[in-house]
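Asks: Note that the working numbering has the sequence shown beginning at 88, numbered continuously upward. Where is the CB? At the ideal position from N, CA and C, for every residue including glycine.
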Amino acid sequence: MRLAAVVPTLVLPFLCWSCGLEELIFTEATRGQQVELPPAADNLLEGRTEAALAGASVAVFSGAGTRLEDLAATAGPGGEFTLEAPGNTGFVNLVVVATRGAKSRWGFVPEVPRQVSVLDPPRILPLWSLQPGMDELNRQTTLSTLLLLAKARAAGQTLGVVAPGTAKAAFSQLSSLVTTDARVTTLDEMLARLDAASGVPLRVAPDDGASFLDALALGPLGLDYTGDGVPELGTEPFDAALAAATAAFEFNACYPQDRLRLVLIADLNSGMLDGNCAPIERFRWAKDEPGKEVFVTGAIHEDTPRCGEVAPPCLDGAVIDAANQLLGNWTPNLIPMRDDGAQGDAVAGDGLWTLVVDLPWFAPLGADAPAVRIGYKYTFGFPTKGWTGTEEWPGNKRVLELRDQNGDRLITRYDRFGDETSNKDKSNLLSPAKGGCGVVVFPSEGPREGCANDVFESMIDTDADCEKDAWPSPGTAGPLIMECPGT
Ligand SMILES: [Ca+2]
Ligand SMILES: [Ca+2]
Ligand SMILES: [Ca+2]
Ligand SMILES: [Ca+2]
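1) Give me the Cα-Cα distance between V397 and G522, rounded to the nearest whole angstrom.
2) Between F382 and A327, what straight-line distance do the alpha-carbon atoms span, to the nearest angstrom?
3) Using 10 angstroms around the beta-carbon of S231, count the other beta-carbons present and answer buried if the total reaches 16, otherwise exposed.
4) So, at 6 Å on beta carbons, what are the nonlocal neighbours of P400 in its own chain, with the 5 sequence-adjacent residues on each side left out?
5) What does the alpha-carbon distance come out to for the pair P451 and N493?
6) With three or more beta-carbon pairs closer than 8 Å as the criterion, would you say the stretch 177-184 touches the stretch 228-247?
7) Does ligand 1 have even one heavy atom less than 7 Å from the beta-carbon of P318?
8) Would you give the residue range spanned by the beta strand (DSSP E) that E156 belongs to?
9) Using 10 angstroms around the beta-carbon of G107, count the other beta-carbons present and answer buried if the total reaches 16, otherwise exposed.
10) Could you check the C-alpha separation between S144 and Q227 for me, to the nearest Å?
11) Is Q492 near ligand 3, going by C-beta to nearest heavy atom under 7 Å?
12) Quick one: what's got a C-beta closer than 6 Å to P392's C-beta in the same chain, skipping five residues either side?
13) Just the C-alpha distance for R348 and V443, rounded to the nearest angstrom, thanks.
14) Using DSSP bridges, identify the partner residues of N130.
15) Keeping to the same chain, check which residues put their C-beta closer than 7 Å to that of E319; ignore five residues upstream and five downstream.
16) Near ligand 2, which residues have their beta-carbon closer than 5 Å to a heavy atom?
17) Would you please state the rounded distance, in angstroms, between the beta carbons of E507 and L497? I believe it to be under 8 Å.
18) Taking 8 Å as the threshold (C-beta atoms), are V527 and D541 in contact?
19) Please say whether N483 and D502 have beta carbons closer to each other than 8 Å?
20) Along the chain, which unbroken stretches of the beta strand (DSSP E) at least 3 residues long are found entirely within the stretch 351-391?
21) Could you tell me how far apart the beta carbons of A159 and A146 are, in whole angstroms, since I believe they sit closer than 8 Å?
22) Would you check whether ligand 3 has a heavy atom nearer than 7 Å to the C-beta of D495?
23) Measuring only the C-alpha atoms, how far is L283 from L131?
24) Enumerate in chain order the residues of its own chain whose CB-to-CB distance from D556 is below 8 Å, with the five nearest sequence positions on each side excluded.
25) Any heavy atom of ligand 1 inside 7 Å of the beta-carbon of T313?
26) Does the contact criterion of 3 or more C-beta pairs under 8 Å hold for the stretch 236-247 versus the stretch 258-270?
27) Cβ-heavy atom distance between E554 and ligand 4 below 7 Å?
28) Could you compute how far the alpha carbon of T176 sits from the alpha carbon of P561?
29) May I ask whether a heavy atom of ligand 4 can be found less than 7 Å away from the beta carbon of T508?
30) Taking Cβ positions, are G163 and L140 nearer each other than 8 Å?
31) Please name the residue, chosen from V406, A433, F148, N180, that lies closest to T499 on a Cα-to-Cα basis.
32) From E544, L274, E479, pick the residue whose C-alpha is nearest to that of F529; which is it?
33) Closer than 6 Å by C-beta to W440: which residues in its own chain qualify, once you throw out the five before and the five after it? Chain order, please.
34) Using 7 Å as the cut-off, classify the Cβ of T322 as near or not near the heavy atoms of ligand 4, replying yes or no.
35) Checking the sheet assignment: what are the DSSP bridge partners for R503?
36) Using the rule of at least 16 other Cβ atoms within 10 Å of the residue's Cβ for burial, across every protein chain shown, is D495 buried or exposed?
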């Protein structure tokens, strides 16, 4: 880190511990000095598996089922392990999986708070302090975690969108249901039989519709996991028992109705193709210089309904002003994007720059109804520098209407830096053959023959065949969630 070399001369003369080094560093950083924030110290998540799994490898998954590659450990001879979680990131609804041979034990962690200050030392967080019942990973924690995952899936969601407090309470409740509710007891007994025979061959994130139980692990002769003396070859009895047990408890995912999380991803890699399937000239307008970084700037779009001018739904002027500040309000090279693997950026140094920002929002009343829109543009520059030689292109902006297109309660917009065929509002270079007409049109403006409307989050082409094939990953960002009223 450059910090160690720079800070002593730059900051120490002003240093008083009571006034807070962190504030000073932020001030210097936002003034554009060559100062980097020191990373926050790790959160050390201390857990334990039951002794039978001593030496197990420990992996961590997000509530949506993504393996978090950087969080891994090996259990010691007593089953103890420590996961080193980066302190600059808060996590919710983590699934911890300890595996040794065919045996595995699952556990659940509702919330790991990020470190408060970069000055704080590494923080030790025993898993039991984050989730009651997590003193050790055992069959009970496996059962409870499985039920949380299955409950979310039964509602057409993932555990990632459940309010952590709601999931935490449900997890605690499940340890008593196993003795009081026959549906949960039946499932627990199946897990016990499977474990005695072959380990618990479960999958955290089975494909859509597939069983959490790995049928292949049942072997060619099957296993009697129902306890009637007849081996099962398939997962149906298990799936039915799991469905019944998920009906034994309740939780709901609740979302704020006045905010929506936006994940902007700007791809700065070379060799990218635009909407015409032609190479993108990244540095046609921006100058390529070492040490530059990607910034974004923008504001709530002027078409967004403003309260006092139109009937609700609308945004208040003060709310719009605050959001404009979050977006940089058209000051270039002010709001940095991140390619350091933190705060929503999935992978450090991969040329995909990420900004996660929570914006004011209302649900539009229909497909053609007014909605919250933003204008924005990327720059490649040094902090506080002007537009010249840094912006993607002069004069135009990108436009985006905040409508969730794939039901994940996030707006994830992946853009290729300098792509003049995308959501660039004017002088758009998408060819007529690809649906271009020189400008970008919102569908709510009515059909306009021959005009593209690339104004939403959209699928992307991940394999360079010029066909869109997948929704972009929101990285480590999850949707905004809240405790449900009355729970
Ligand atoms: Ca059986
Ligand atoms: Ca990245
Ligand atoms: Ca979405
Ligand atoms: Ca493709």
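Replies: Judging by the given coordinates:
1) Cα-Cα distance, rounded: 33 Å.
2) Distance from the CA of F382 to the CA of A327, rounded to the nearest whole angstrom, comes to 51 Å.
3) With 16 or more Cβ atoms within 10 Å of its Cβ, S231 is classed as buried.
4) Closer than 6 Å at the Cβ level, and outside the excluded window around P400, lie F449.
5) Taking the straight line from one Cα to the other gives about 16 Å.
6) Touching, yes, given that three or more Cβ pairs across the two stretches are closer than 8 Å.
7) Because some heavy atom of ligand 1 lies under 7 Å away, the Cβ of P318 counts as near it: yes.
8) Start and end: 154-161.
9) Note that G107 scores 31 on pLDDT, short of 50, meaning its location in the model is unreliable; the coordinates nonetheless yield the value given after this. Exposed, by the Cβ-count rule.
10) For S144 and Q227, the distance between alpha carbons rounds to 19 Å.
11) Checking every heavy atom of ligand 3 against the Cβ of Q492, one is found closer than 7 Å.
12) Closer than 6 Å at Cβ, skipping near neighbours: C401, P457.
13) In this structure, the CA atom of R348 is about 7 Å from the CA atom of V443.
14) Residue pairing of N130 in beta bridges, as defined by DSSP: A172, R210.
15) Exclusion of the five residues before and after E319 leaves L305, G309, L310, D311, Y312, T313 as the residues of its chain whose Cβ lies within less than 7 Å of its Cβ.
16) Going by the Cβ distance cut-off, the answer is D426, D432, V434, D437, L439.
17) Taking a contact as a CB-CB distance under 8 Å, the pair E507 and L497 does not count as one, their CB atoms being some 26 Å apart.
18) Yes.
19) Note that the C-beta distance between D502 and N483 is not below 8 Å.
20) Counting only runs of 3 or more residues that sit fully inside the stretch 351-391, the beta strand (DSSP E) segments are 380-387, in chain order.
21) The Cβ separation is near 6 Å, so the contact holds.
22) Result yes, Cβ under 7 Å from ligand 3.
23) According to the sequence shown, residue 283 is Ala rather than Leu. The alpha-carbon atoms of A283 and L131 are separated by roughly 32 Å.
24) So the list reads M546, I547, D548, T549, D550, once near-sequence residues are dropped.
25) The nearest non-hydrogen atom of ligand 1 is less than 7 Å from the C-beta of T313.
26) At 8 Å Cβ cutoff, the stretches do not touch.
27) Here the distance from the Cβ of E554 to the nearest heavy atom of ligand 4 is below 7 Å.
28) Roughly 15 Å between the two C-alpha positions.
29) No.
30) No, Cβ-Cβ distance for G163 and L140 is not below 8 Å.
31) Looking from the CA of T499, the closest CA among V406, A433, F148, N180 belongs to A433.
32) Nearest of E544, L274, E479 to F529, Cα basis: E544.
33) Take W440, set aside five residues on each side of it, and the residues of its chain with a beta-carbon closer than 6 Å to its own are A353, V381, M424, D426, in chain order.
34) In this structure, T322 has its CB at a distance of at least 7 Å from all heavy atoms of ligand 4.
35) BP columns for R503 point to D354.
36) That one is buried.
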